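**Q**
In my numbering, the protein residues as written are -10 to 107.
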């Protein structure tokens, strides 16, 4: 491994296991997640675990300042179609895939009918 790193000009840095303060990137990520969790959980602090998956999804779909790419884009080589993206497509009638459009229209119509009937 040392030879590969030498050939590619890579300088490896290691941190102490379970001592995250040595790794600034991980520290910064954790600080961001903690701040967001505090804001989301202000009303129901004991329900913090419910917000982790949506929070990570939101974090991964936002372009980072250092790379100008979202982590999702770097991992999967395409942009994520999150709930807000799909909602924007529905409102602007800009959906190209008929199956997606009909599924979401069905859900919206069903919701509208249940609200009207109650």
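Even glycine gets a Cβ: it sits at the ideal position worked out from N, Cα and C.
The structure displayed is predicted, hence computed values, not measured ones.
Would you please state the rounded distance, in angstroms, between the beta carbons of residue 44 and residue 18? I believe it to be under 8 Å.
**A** As a working mapping, residue 44 is identified with position 55 in the chain shown. As a working mapping, residue 18 is identified with position 29 in the chain shown. About 11 Å; that fails the 8 Å criterion.
**Q** For residue 73, tell me which candidate among 50, 55, 56, 26 has the shortest Cα-Cα distance.
**A** Indexing the chain shown from 1 puts residue 73 at position 84. Closest option to residue 73, Cα to Cα, is 50.
**Q** Flag this pair as yes or no: are the beta carbons of residue 11 and residue 1 separated by less than 8 Å?
**A** The residue you call residue 11 lines up with position 22 of the chain shown. The residue you call residue 1 lines up with position 12 of the chain shown. Cβ distance not < 8 Å, so residue 11 and residue 1 don't count as in contact.
**Q** Can you give me the start and stop residues for the alpha helix (DSSP H) that residue 11 sits inside?
**A** Against the chain shown, residue 11 aligns to sequence position 22. Segment: none, residue 11 is in no alpha helix (DSSP H) and carries neither H nor E.
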